[in-house]
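**Q** Got a structure for you, written out below as structure tokens; questions coming shortly.
Number of protein chains: 2
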Amino acid sequence: MAKKLGKQTYVMDTPPTIAGFAAIGSKKEGEGPLGQYFDVINFDSTFSQKTWEKAESKLAHDTVELAVKKAGLSYQDIDCIFAGDLLNQCIGSTFGVRELGIPYLGIYGACSTMAEGLMLAAFLADGGGMQNIIASTASHFCTAERQYRFPLEYGGQRTPTSQWTVTGSGAAVVTAGGGAGPFIRAATVGTIEDKGIKDAANMGAAMAPAAAATIQQFFADTGTRPEDYDLILTGDLGQVGSDLLYELLLREDVDIKSRHTDCGLLIYDPDKQDVHAGASGCGCCASVLCSYILPSVVAGRLKKLLFIATGALLSPTSTQQGESIPSVAHLVYITSEPGQGV
Amino acid sequence: MAKKLGKQTYVMDTPPTIAGFAAIGSKKEGEGPLGQYFDVINFDSTFSQKTWEKAESKLAHDTVELAVKKAGLSYQDIDCIFAGDLLNQCIGSTFGVRELGIPYLGIYGACSTMAEGLMLAAFLADGGGMQNIIASTASHFCTAERQYRFPLEYGGQRTPTSQWTVTGSGAAVVTAGGGAGPFIRAATVGTIEDKGIKDAANMGAAMAPAAAATIQQFFADTGTRPEDYDLILTGDLGQVGSDLLYELLLREDVDIKSRHTDCGLLIYDPDKQDVHAGASGCGCCASVLCSYILPSVVAGRLKKLLFIATGALLSPTSTQQGESIPSVAHLVYITSEPGQGV
């Protein structure tokens, strides 16, 4: 079973392994710099479905199917799935996996969903008696746009701080101790942070304090420094949020800049694909992790990875009622070797 | 750490204890047969807030505060909170607890949220290295009505199969091994079931198959029978769903009728409070459990309790798009004695 370290960090006893993972994207993601790393790029963003919501469900379904297949398992081998998304009542996930017969535990962490799912899967593989657990999430530009912002047909102008919701998905099968890795060694559960940002078109600013709090807590809990890691990967702060993250951490004498990048800055080409401040959506960091990043851990090019997914816990209703934006960030420490401790 | 039993059931190694719990309701709940058991009945259903959503957040906040106090703990003692609700993006919970500084893991299980939270809390207390974990949820008639159905001012007529959303909440502090109980001995993670029901005003019919599947699986996994338990408590199937549950289980030669009741049938008086098929909402089974039921376990009047919370995983969007209603039910086995196994 996991052991608590410091205030919010838990170190796995026998680090669970990520036995299989998959990422699917659509046209814009395929045309971006990471396009070649996705398992599937479907240039039809309807995914042959009649509505955008059903397209998102299809995306979630196909990614889970592929991750299970790549892990060399069948649905009967899976003890449970942690899934969630941005849609009201998480219908992208529930309708996506409803026919698979896998015990289902729904989670809601907005764009922090992938890290939340991975950490819960690791906890239950390490100390819950489960063998194989899926963490899954997806997002779709067209469902998010019409639910959170404007009807697609309206063609509203986007502000410079806005981020572009990824049409993409990631799913990972986390397996109890043993295996070849990548390994989930530790996790830091984030607190809700809210510094009063009310601009729903500036998620980076709203989420940066949550990322800073969790990253700083992890270093405090483990007594380690940014230089101890190969990569500190946030998702999805974009440019505005990443700059703020550096500033907030520097105030605490933590300098992560040389080790840091953000999934929201990797998936699209800033010169050729105009997405303003970067990318976002549950599927952004999930698909970047499961396409471009995890293979580098498997290959040993990345040995020590901190994956921090950030979520803005607002709704259109809370924004309309004048509320600020609470955010959360969860951290998962992933390594190429099983090892012990942090 | 927990051990897997059969296909979907997990038996805790050192059963965690529910060290503190609280329930808050409003006028209608106070006037019902369980009113006297609530910790607080606030006859002002706005809870002194400016919007119904903020009222629901206040309800969630106050219940968590009270549960922590009743457990003899402070917020600094809490390792994490599992919370969720019916509102889009779960803002009832996120805004409710954002100022508490407690590590936050959002869950979405619709009205199955309380059981999902309790089981995850038990897993993490038993094998995750955590000491104190909160499971919390709330619902509010006025937020649910306007989000899922009609504007409150519209005064739409309700169908005979419809259920009334409880304005209420429940929160429980689950503490690692030891303590005086009640104890969480085992949990069964439910699968998504969807038998094609499309009537969003008939949740009982949509959710009964999920309850039946999980209950049957628990008996199969543990080799036990309904007679082995003092109470089989579902929430919230109401009258229609309870009748269907009996019918579905009888087909498999499982007769639970003499041991069963449903939270949706307990909280309001069917003669004096016209709620048609019963009550519903995340806060229904959470508040019934944390007001009327758990004290009976503490007192030893109930020794062996199966608590099964059911959730309908639909959204207004999925209904408008002609979809049927996927449902899930999670089971938590609660006892007055720590014991071992099931």
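Protein chains in written order, with my numbering: chain A, 729 to 1070; chain B, 729 to 1070. Beta carbons are placed, not taken as given, at the ideal position from N, Cα and C, and that holds for glycine. Here the structure is a predicted model, which is why all the values come from computation and not from measurement.
(1) B/D997 and B/P831 - do their beta-carbons sit closer together than 8 Å?
(2) Assuming B/L972 contacts B/A936 under a Cβ cut-off of 8 Å, what Cβ separation, rounded to an integer in Å, is found between them?
(3) Once you ignore the five residues that flank A/R874 on each side, which residues in its own chain have a CB closer than 6 Å to its CB?
(4) Taking Cβ positions only, does B/V1060 come closer than 8 Å to chain A?
(5) Counting only beta-carbon atoms, is B/C808 nearer than 8 Å to chain A?
(6) Alpha carbon to alpha carbon, how far is B/E975 from B/K923? Give it in angstroms, no decimals.
(7) Which whole-angstrom value describes the C-beta separation of B/G1110 and B/G1006, a residue pair presumed to lie in contact below a C-beta threshold of 8 Å?
(8) Between the alpha carbons of B/T841 and B/C1013, how many angstroms are there, rounded?
(9) Across which residues does DSSP place A/W780 in a beta bridge pair?
(10) Based on the DSSP secondary-structure assignment, which residues constitute the bridge partners of B/K731?
(11) So, is B/P743 buried or exposed, given that buried needs 16 or more other C-beta atoms within 10 angstroms?
(12) Taking the alpha carbon of B/L1033 as the reference point, which residue from B/M858, B/A928 and B/I984 has its own alpha carbon closest?
(13) Just grab the DSSP bridge partners of B/A811 for me.
(14) With DSSP run on the structure shown, which of helix, strand or coil describes A/R913?
(15) B/L1042 CB to nearest chain A CB: under 8 Å?
(16) Contact check, A/A863 vs A/A899 under 8 Å by CB: the rounded distance?
(17) Just to make sure I have the definition right: I need the residues of chain B whose C-beta is within less than 8 Å of the C-beta of A/V825. Which are they?
(18) If contact is defined by three or more beta carbon pairs under 8 Å, each pair taking one atom from either stretch, is the stretch 1017-1028 of chain B in contact with the stretch 906-913 of chain B?
(19) Relative to the alpha-carbon of B/A730, which residue among B/G855, B/Q777, B/A783 and B/T745 has its alpha-carbon at the smallest distance?
(20) With respect to the beta strand (DSSP E) encompassing B/K926, which residues constitute its N-terminal and C-terminal limits?
(21) Assuming the contact rule is C-beta atoms closer than 8 Å, A/S897 and A/A866 should be a hit. Round their C-beta distance to whole Å, please.
(22) Does the beta carbon of A/A1037 fall short of 7 Å from some heavy atom of the ligand ATP?
(23) Under 8 Å, with one C-beta from each stretch per pair, do the stretch 913-920 of chain A and the stretch 940-951 of chain A reach the 3-pair mark?
(24) Measure the C-alpha to C-alpha separation of A/Y957 and B/F775 and round it to an integer number of angstroms.
(25) Whose C-beta lies closer than 7 Å to the C-beta of B/L1022 among residues of the same chain, with five residues either side of it excluded?
(26) Could you tell me which chain B residues have their CB closer than 8 Å to the CB of A/F851, listed as they occur along the chain?
(27) Tell me the DSSP secondary structure of A/K1031 in three-state form.
(28) With 9 Å as the limit, tell me which residues of the stretch 908-933 of chain B have their beta carbon closer than that to any beta carbon of chain A; keep them in chain order.
(29) Please confirm if B/Q1082 has its CB atom under 8 Å from at least one CB of chain A.
(30) Measure the alpha-carbon distance for B/S1052 versus A/G734 and round it to whole angstroms.
(31) Have a look at B/D805 and B/V792 and give me their C-alpha separation to the nearest angstrom.
(32) Assuming B/S1008 contacts B/Q859 under a Cβ cut-off of 8 Å, what Cβ separation, rounded to an integer in Å, is found between them?
(33) Consider the Cβ of B/N860: report whether some Cβ of chain A lies at a distance smaller than 8 Å.
(34) Which residues mark the beginning and the end of the beta strand (DSSP E) in which B/L1059 is found?
(35) According to DSSP, A/L988 sits in a beta bridge with which residue or residues?
(36) Using the beta-carbon count (16 or more within 10 Å), is A/P888 buried or exposed?
**A** The structure says:
(1) no
(2) 4 Å
(3) L880
(4) no
(5) yes
(6) 15 Å
(7) In this structure chain B extends from 729 to 1070, so residue 1110 of chain B is not present and cannot be described.
(8) 9 Å
(9) A/W780 pairs with nothing; no bridge assigned.
(10) B/V739
(11) buried
(12) B/I984
(13) B/G834 and B/S864
(14) strand
(15) yes
(16) 7 Å
(17) I920
(18) yes
(19) B/G855
(20) First-last for B/K926: undefined, no H or E at that position.
(21) 3 Å
(22) This structure does not include the ligand ATP; it has no bound ligands of any sort.
(23) yes
(24) 48 Å
(25) I746, F749 and P910
(26) F851, L852, G855 and G856
(27) coil
(28) T916, V917, G918, T919, I920, E921 and D922
(29) The structure shown has nothing for residue 1082 of chain B, since chain B only spans 729 to 1070.
(30) 46 Å
(31) 13 Å
(32) That pair is no contact at about 33 Å.
(33) no
(34) S1055 to T1063
(35) Here the sequence assigns His to residue 988 of chain A, which means Leu is not the residue at that position. DSSP, once it has assigned bridges, lists A/I960 as partnering A/H988.
(36) exposed
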